[in-house]
Amino acid sequence: MPALLHPGEPVPVRLMNTVWASRSVLHDDLATVADLRAWLAAVDPDLGPEPPADEDDLAAFRSLRDALRRLAAVVCEDTREKAASPTDDAVDAAAEVNRAVAAAPAWPTLEVRDGRPHRGRPPGATAAARSLSSIAAQAIELLTEPGSADLRACYGPGCVLYFVKDHPRREWCSAGCGNRARAARHYARHKH
Ligand SMILES: [Zn+2]
0 MPALLHPGEP
10 VPVRLMNTVW
20 ASRSVLHDDL
30 ATVADLRAWL
40 AAVDPDLGPE
50 PPADEDDLAA
60 FRSLRDALRR
70 LAAVVCEDTR
80 EKAASPTDDA
90 VDAAAEVNRA
100 VAAAPAWPTL
110 EVRDGRPHRG
120 RPPGATAAAR
130 SLSSIAAQAI
140 ELLTEPGSAD
150 LRACYGPGCV
160 LYFVKDHPRR
170 EWCSAGCGNR
180 ARAARHYARH
190 KH
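The sequence shown runs 0 to 191 under numbering that gives the first Met the number 0.
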């Protein structure tokens, strides 16, 4: 599951990268409810090994993912045809992000247990909805200044992933893409 190969990326980028390509074939790590539960458990260990999620949650995460990919493409001036999101309007994509943010209240609550105050969970929202809302809120930071300055599309051969440029010399989503890009350049120089 390639999403797990990029654990250093912010969670909104890991959501975008649930669409990935291998040998020019697109894959989707969020095709089923079981996929979503595995993905949530990987990105948010606080949810436990088998966080509950249903078909509505899957649809919401897929819609947010496609919206984030559309907005990342704008921010990165992404020209990769294969990476194009099915959501083609940036204003619609922003509305989707706003729906996701509102999926759960953002404020913490205080609970008294055993006579002592504890940080509580927002009322009336499922774990999946809290996660969706939190990822959408983080995405707003990532897609707007100053966070957006470091968001990049990976131009490794066939790659459709995004990454945050966390090092001045970083050009690729992964070492694998860097190696493939160098090999392709070498081949292009020497094929005549
Ligand atoms: Zn790449």
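Every residue gets a Cβ at the ideal spot worked out from N, C-alpha and C, and that includes glycine.
Could you name the residues that DSSP lists as bridge partners for residue i?
{"i": "THR108", "result": "GLY119"}
{"i": "LYS161", "result": "According to the sequence shown, residue 161 is Tyr rather than Lys. Answer is ALA152, bridged to TYR161."}
{"i": "HIS26", "result": "TRP19"}
What do you reckon, are the CB atoms on residue i and residue j nearer than 8 Å?
{"i": "ALA30", "j": "LYS81", "result": "no"}
{"i": "THR86", "j": "ASP55", "result": "no"}
{"i": "GLY119", "j": "PRO107", "result": "yes"}
{"i": "VAL159", "j": "PRO9", "result": "no"}
{"i": "TRP171", "j": "GLY157", "result": "no"}
{"i": "VAL96", "j": "ALA126", "result": "no"}
{"i": "ARG129", "j": "CYS75", "result": "no"}
{"i": "ALA102", "j": "LEU131", "result": "yes"}
{"i": "ASP34", "j": "ASP28", "result": "yes"}
{"i": "LEU141", "j": "SER133", "result": "no"}
{"i": "LEU63", "j": "VAL32", "result": "no"}
{"i": "ALA59", "j": "ALA99", "result": "yes"}
Let me know the secondary structure DSSP gives residue i once reduced to three states.
{"i": "MET0", "result": "Note that MET0 has pLDDT 43, beneath the 50 cutoff, so the model's placement of it is unreliable and the number below is only indicative. If DSSP states are grouped into helix, strand and coil, MET0 belongs with coil."}
{"i": "GLY175", "result": "helix"}
{"i": "LYS81", "result": "helix"}
{"i": "GLY47", "result": "coil"}
{"i": "PRO167", "result": "coil"}
{"i": "GLU54", "result": "helix"}
{"i": "ALA101", "result": "coil"}
{"i": "GLU8", "result": "coil"}
{"i": "ALA41", "result": "helix"}
{"i": "GLU144", "result": "coil"}
{"i": "ASP34", "result": "helix"}
{"i": "ASP65", "result": "helix"}
{"i": "ASP91", "result": "helix"}
{"i": "ALA124", "result": "coil"}
Mark residue i as exposed unless 16 or more other C-beta atoms lie within 10 angstroms of its C-beta, in which case mark it buried.
{"i": "THR78", "result": "exposed"}
{"i": "TYR161", "result": "buried"}
{"i": "LEU25", "result": "exposed"}
{"i": "ARG188", "result": "exposed"}
{"i": "LEU109", "result": "exposed"}
{"i": "THR143", "result": "exposed"}
- Could you please go through the chain and list the residues whose beta-carbon is closer than 6 Å to any non-hydrogen atom of ligand 1? CYS153, GLY155, CYS158, LEU160, TRP171, CYS172, SER173 and CYS176
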